[in-house]
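In terms of numbering that gives the first Met the number 0, the sequence shown opens at residue 0 and continues consecutively. Quick reminder that beta carbons are idealized off the backbone N, C-alpha and C, glycines included. Nothing here was measured: the structure is a model prediction, and the numbers come from that model. Worksheet: the structure to be examined is printed underneath.
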Amino acid sequence: MATLGQRLVLAFDFGTRRIGVAVGNELLKSARELTPLPARDGIPDWNQLARLVEEWQPDLFVVGLPLNMDGSESAMSTRARKFGNRLHGRYGKPCTLVDERGTTREAKQIAHASGHRGNYREDSVDGIAAVLILEGWFAHLEGLPEGRESQ
C-alpha cells in the first residue's frame with residue numbers, strides 16, 4: 000500500500016444502469032474519467048471491474064453516496080453502501096463513501112458547456128460525476144470546502 004498522500008484511487012459514481020469511474024492520484028490531486036461500467040440493476044460486470052482493478056492497482060476506492068438534499072439516506076444510498084462493501088470484500092482495499100449531492104447536476108452543466116446535446120442515456124455524464132466525487136474527496140483531505148462531506 001502506498002504512503003498516505005501518494006495513493007492511487009479509483010472512484011465510482013454508483014448507478015443502476017451505469018457506474019461512473021474515475022482514477023486519481025492523491026499526490027497530484029488530479030482525477031480523470033474512465034469508461035463507465037455497464038450495470039444491471041446496480042450490479043456491475045465484476046470481470047470488467049476486476050480488469051480495471053488489475054490495470055490501475057488502486058490503493059483505495061471512493062464511492063459516491065447519494066444522499067437526499069436534507070442529508071438523509073435513500074434507497075440508492077443503501078445500494079451504494081452495499082457496492083462499496085462488495086468492493087472492499089472482493090479486493091481487500093479500503094473504501095470511503097463520499098457525499099455526492101449535486102455532482103450529477105454539476106456534471107451535466109460541465110457536459111453542456113462542452114457541447115453535450117442532453118441525451119444522457121446515450122452519452123452519459125457518469126464519468127464526469129466520478130471525477131467530481133474524487134476531486135471533492137481530495138479537497139476534503141486538504142481541508143478545503145468542497146460542498147460535500149466525507150462519510
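Once DSSP output is grouped into helix, strand and coil, what is the label at residue i?
{"i": "Arg50", "result": "helix"}
{"i": "Glu134", "result": "helix"}
{"i": "Phe82", "result": "helix"}
{"i": "Gly126", "result": "helix"}
{"i": "Arg104", "result": "helix"}
{"i": "Ser149", "result": "At Ser149, the pLDDT of 37 sits below 50, so the modelled position is not reliable; the number obtained from the coordinates is stated separately. Strand at Ser149."}
{"i": "Gly142", "result": "coil"}
{"i": "Arg17", "result": "strand"}
{"i": "Thr2", "result": "coil"}
{"i": "Ser71", "result": "coil"}
In this structure, what does DSSP give as the bridge partners for residue i?
{"i": "Ile42", "result": "Arg39"}
{"i": "Thr95", "result": "Val61"}
{"i": "Asn24", "result": "Leu7 and Ser29"}
Is residue j closer than 9 Å to residue i when the C-beta atoms are compared?
{"i": "Phe60", "j": "Leu9", "result": "yes"}
{"i": "Val62", "j": "Arg80", "result": "yes"}
{"i": "Val97", "j": "Gly135", "result": "yes"}
{"i": "Ala128", "j": "Glu105", "result": "yes"}
{"i": "Thr2", "j": "Val20", "result": "no"}
{"i": "Pro37", "j": "Gln47", "result": "yes"}
{"i": "Leu66", "j": "Ser76", "result": "yes"}
{"i": "Gly41", "j": "Arg89", "result": "no"}
{"i": "Arg17", "j": "Ser123", "result": "yes"}
{"i": "Trp55", "j": "Leu131", "result": "no"}
Looking only at C-alpha atoms, which of the options sits nearest to residue i?
{"i": "Leu133", "options": "Ala30, Thr2 and Ile42", "result": "Ala30"}
{"i": "Leu140", "options": "Tyr90, Lys28 and Phe13", "result": "Lys28"}
{"i": "Phe137", "options": "Asn24, Phe11 and Asp12", "result": "Asn24"}
{"i": "Asp69", "options": "Asn84, Gly101, Leu7 and Ser113", "result": "Gly101"}
{"i": "Gly14", "options": "Gly83, Gly4 and Ser71", "result": "Gly83"}
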